[in-house]
């Protein structure tokens, strides 16, 4: 352990100050706050008796206690050091937190702004927020400013931060059906999200491959549809995850994808599923005649009354388990071929009925029920935009329906807001984190020729952090009216080729790129994209996440951090901008 | 714990038997043995007192003991089950191992063949091999045949395996300079290699970014050139790794890359390095005037006598630490611009000297020294094939020089063997495991346009396991004479964007694809590429590796294993072949 005087002498501070990076703030907070002022670049020691004074709150108190522990135990050692002047004579003994309205719930659009000040000459820092959720964001910021080895910790002083998000919906989608993840994996993900000020864990729980959610009213769905008795989420698991989410300011938004992507339901209820357990692309058939867009067939039969009985039981149980006001109903990739395998549906179609009518019947029989449970319904864009099977806007009331876009980049976002719907952006071109690792299909003839190894992944290439960071989700929208309909965005990890072995490295730090882009944007004060300046900051943040137990993948050799600017593509490129 | 009778009743066996996969052997050994006969599909229980009888040997005894533990503790539970008939009345009580020549060293080309028999009616299984290294391969095979929950283990009986590798050099390259890996990471990698019957750990120890190898004669190289005092490999570490390699039948082949890729040497010896710590692509200069092919400049100065003093000290120490008869000297990517920054070199060039003469001088001053240490030198192909700086074949004696190819796919392999050199294939188009994750350069202007996210990685796309599996490293060679010069291949993990967080998932199971391709090939009995049949086997093996502590990435949803054939690209595709 260093003596305190020696400690003073070698006090360093994480800094990117260099001729090329003079505009960078020399404190690495990710995502970068909207406004940070620290004119004198002074630091102060944290008192060994440092405390956080905060109002009591069901979830916030746990958060405060967690941050108090983190601050005192993280022992963050900056990878880039720069001398900083330590203010002597006193230490910072407390952080005083004020919350305007303790009752504001963790809903979409809740005020997450905060201000954080550590005035020179005061033994207290001050954090003010409208809601406890904003206060949690401020606590995260505070934690990222602390460095040193306990009990010799310090942090900047004479600093003032005013911060708030650009978008209210900043999410990560995780698919737990194609492969299973443990409860610990999900909680670690929520913890990492919170550290990145991401606030929506979009849990794509079920799909054709497995049904891991144990539901009291429909226990057979998981009993027969899960991968195994040890690969389920019990009500206790869900409750633990939801509670953990609240304590981290992360909404847990459940998705029960129907009427497509429901093959796993057929294990318990073969009668309500069409084309279950069939080969997804029958021999001799064209793509338009496929039974599913990938292996794993099965769609709920909209003409079977039993379907609605089961679906409503599922919805009712899910609504009970998930207090989140949004309910994601899926409704993507409903494929004609699958429904057509059913005799009743065939006969309906022969009598002049249409596939879209079937979808509308399904929506009309489920959406009002979801709404009756006080939920806003989120559907994938397909329900409105699919070329073959789509619902008329009249069955998709705008006040109760949000659409999530994934195709055609900015084009579909435009179409959705032009139709008057709120939208969540998860463009597969930019935000799909699973892409670029080849295809998962067996015996794919494109591999017959050696060297054709790049193919097989429909959404290749790999989405780099820069690609995610640079994407403007309101690109091309015509006015503020349209832009206001864009609630935010989500990166998505579909699990055909992911499970707990790669969860952290697929998500991080790329989801961090989304986090900053949606929190404080991807441009500097001059309106220029700041990915050039962001690389060192993201790299530093990635190392800090790793130390916090998140296995984020490296984006550069360590050498690049040790030699700021030297790993750029071109010399002085930042000055050229 | 199950009772034994219940255990008998529910005895299942891992099997891929299905109409489409009737040619698949129903035992999942990876890599697939050359010859496996198991006509009656019967199994036998392993005695709780099962022992392995083997000759004593410095390294082999440790291997035997390890397998004995693994067999009794792995508790392998097959993911695909199929009834198998258990032979009753006796159990298998021993594996008797015979080794023809215990003195055969772990060198390139050592006989790794083995035969393994578990006859019906005998309480002993028999493993015979020419060398202990072949016996280790047989032990691995034996371990992969065992399943069940201890003490209720069983394995096939009436089985006979005759096995040997197609290629003697089957390797994994790991770059520990751009990012550092712990000793445990390296040992885990060697363990996984051994399980895949890979036999060469090509350790790219040093490069421009860091010099982590602590050398008694040149301690300042690591003291100043490593990333930090905790990010080095001490002689004790190396000795531990080399010993671990022997116990796993894995050669540890050191690479000290010179004269290029030596920026890190300049921290201790600035005088022997040209263009050290300069920006890699000077402003206003073209690619041909670059100082290095990526950030991290520095090349050893061939005109400075001190260079050779240091290099020989390094070589001598490395040879002492690594008993492996191959010594990799690097010699790739020697860049004109870097040498030209040196006044003495400039003047040499002005006087009519050439860059290639400088390289030849360097080779002539180091290769004979390496050879004098009883080592065969491996260089990257550049030393012979580079367009600008290359050595005349006369300074690269064929009996002492092996070339490793990485550019132009099969083309350069052809050129090397046509010139009469032995070759190790690590084609970047097929075998570079780091590719496809975007670029690591900061502020890369190709990201100015949103949507240009695929770029930045010179060797994109991601090399899928199929791409690796399908590559024929002797493709296009004209005769057996040429083919015999191909010693084998290596997959390579360069570490610009890899470190311990992603080590396992970048390597596995893709290195397993190489392993089978180089051990027993990538074609079935009819000569047809067998990747279609291999997908389920590789998937199963991937799950088994994960259980063994190797974080291999998933290649398919678990659903695909549970539903054999259903994840294929086309129905009945195997029958169409």
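Chains as they are written, first to last, in this note's numbering: chain A, 1 to 577; chain B, 578 to 1154. From the three backbone atoms N, C-alpha and C, an ideal C-beta is built for every residue, glycine too.
> Going by other Cβ atoms of all chains shown within 10 Å of its Cβ, with 16 needed for buried, is residue 1055 (chain B) buried or exposed?
Replying inline: exposed
> If you count every other CB in all the chains shown that lies within 10 Å of the CB of residue 184 (chain A), and 16 or more means buried, which is it?
Replying inline: exposed
> So which residues on chain B does residue 501 (chain A) lean against when the C-beta distance must stay under 8 angstroms?
Replying inline: 1081, 1082, 1123, 1128, 1129, 1130, 1131
> Going by Cα to Cα distance, which pick from A:428, A:51, A:375 is closest to residue 409 (chain A)?
Replying inline: A:428
> Quick one: what's got a C-beta closer than 7 angstroms to residue 401 (chain A)'s C-beta in the same chain, skipping five residues either side?
Replying inline: 377, 379, 421
>> Between which two residues does the beta strand (DSSP E) holding residue 999 (chain B) run?
In response: 999–1002
> By the criterion of Cβ-Cβ separation under 8 angstroms, what are the contact partners of residue 915 (chain B) in chain A?
Replying inline: Those within 8 angstroms of residue 915 (chain B) in chain A number zero; the least Cβ separation is about 15 angstroms.
>> Looking at residue 64 (chain A): is its Cβ nearer than 8 angstroms to the Cβ of residue 54 (chain A)?
In response: Closer than 8 angstroms, so yes.
> Going along the segment 1038–1055 of chain B in order, which residues come within less than 9 angstroms of chain A, judged by CB to CB distance?
Replying inline: 1038, 1039, 1040, 1041, 1042, 1043, 1044, 1045, 1046, 1047, 1048, 1049, 1052
>> Buried or exposed for residue 571 (chain A), going by 16 or more other Cβ atoms inside 10 Å?
In response: buried
>> Could you give the first and the last residue of the continuous alpha helix (DSSP H) run that contains residue 326 (chain A)?
In response: Careful: residue 326 (chain A) lies outside any alpha helix (DSSP H), inside the beta strand (DSSP E) at 326–330.
>> For a quick check, are the C-beta atoms of residue 607 (chain B) and residue 1093 (chain B) less than 8 angstroms apart?
In response: Yes, the Cβ-Cβ distance between residue 607 (chain B) and residue 1093 (chain B) is below 8 angstroms.
> Could you check where the alpha helix (DSSP H) with residue 337 (chain A) kicks off and where it finishes?
Replying inline: Looking at the DSSP string, the run of the alpha helix (DSSP H) that includes residue 337 (chain A) is 336–340.
> Can a CB atom of chain B be found closer than 8 angstroms to the CB of residue 227 (chain A)?
Replying inline: yes
> Since residue 207 (chain A) and residue 264 (chain A) are thought to touch, with beta carbons under 8 angstroms apart, how far apart are those beta carbons, to the nearest angstrom?
Replying inline: 7 angstroms
> Grouping DSSP H, G and I as helix and E and B as strand, with all else coil, what is residue 398 (chain A)?
Replying inline: coil
>> Quick check on the DSSP output: the alpha helix (DSSP H) that includes residue 142 (chain A) runs from which residue to which?
In response: 132–145
> Any beta-carbon of chain B closer than 8 angstroms to the one on residue 257 (chain A)?
Replying inline: no
>> I'd like the ranges of any alpha helix (DSSP H) spanning at least 4 consecutive residues and lying wholly in the segment 366–392 of chain A.
In response: Entirely contained in the segment 366–392 of chain A, the alpha helix (DSSP H) runs reaching 4 residues are, in chain order, 382–385.
>> Could you give the first and the last residue of the continuous alpha helix (DSSP H) run that contains residue 69 (chain A)?
In response: 60–73
>> Rounded to whole angstroms, what is the Cα-Cα separation between residue 5 (chain A) and residue 152 (chain A)?
In response: With a pLDDT of 38 at residue 5 (chain A), under the threshold of 50, the modelled position of this residue cannot be trusted; read the value that follows with caution. Residue 5 (chain A) and residue 152 (chain A): Cα-Cα distance of roughly 11 angstroms.
>> According to DSSP, is residue 1017 (chain B) part of a helix, a strand, or is it coil?
In response: It is coil, neither helix nor strand.
>> Between residue 789 (chain B) and chain A, is the shortest Cβ-Cβ distance under 8 angstroms, so that the two count as touching?
In response: Not closer than 8 angstroms to any Cβ of chain A, the Cβ of residue 789 (chain B) fails to qualify, so no.
> How many angstroms separate the CA atom of residue 555 (chain A) from the CA atom of residue 481 (chain A)?
Replying inline: 38 angstroms
> Alpha carbon to alpha carbon, how far is residue 133 (chain A) from residue 165 (chain A)?
Replying inline: 12 angstroms
> How about residue 496 (chain A): is its C-beta nearer than 8 angstroms to some C-beta of chain B?
Replying inline: yes
> Just how far apart, CA to CA, sit residue 656 (chain B) and residue 305 (chain A)?
Replying inline: 36 angstroms
>> Strictly under 8 angstroms for the Cβ-Cβ distance: is residue 1010 (chain B) near chain A by that measure?
In response: no
>> Out of A:398, A:298, A:506, which one is the CA nearest neighbour of residue 278 (chain A)?
In response: The candidate whose alpha carbon is nearest that of residue 278 (chain A) is A:298.
> Per DSSP, what kind of secondary structure is residue 601 (chain B) in: helix, strand or coil?
Replying inline: Model confidence at residue 601 (chain B) stands at a pLDDT of 37, short of 50, so the residue's coordinates are unreliable; what they give is reported in the following sentence. Residue 601 (chain B): coil per DSSP, three-state reduction.
> Listed from N- to C-terminal order along the chain, which residues in the segment 752–766 of chain B have their beta-carbon within a distance smaller than 9 angstroms of any beta-carbon of chain A?
Replying inline: 754, 755, 756, 757
>> Can you check which of these residues, A:58, A:467, A:47, is closest to residue 89 (chain A) by C-alpha distance?
In response: A:47
> Which chain B residues are close to residue 560 (chain A), counting only those with a beta carbon under 8 angstroms from its beta carbon?
Replying inline: 872, 1017, 1019
>> According to DSSP, residue 233 (chain A) sits in a beta bridge with which residue or residues?
In response: A:213
>> Nearest by alpha-carbon distance to residue 543 (chain A): which of A:563, A:522, A:492, A:508 is it?
In response: A:508
> Are the C-beta atoms of residue 1145 (chain B) and some chain A residue less than 8 angstroms apart?
Replying inline: yes
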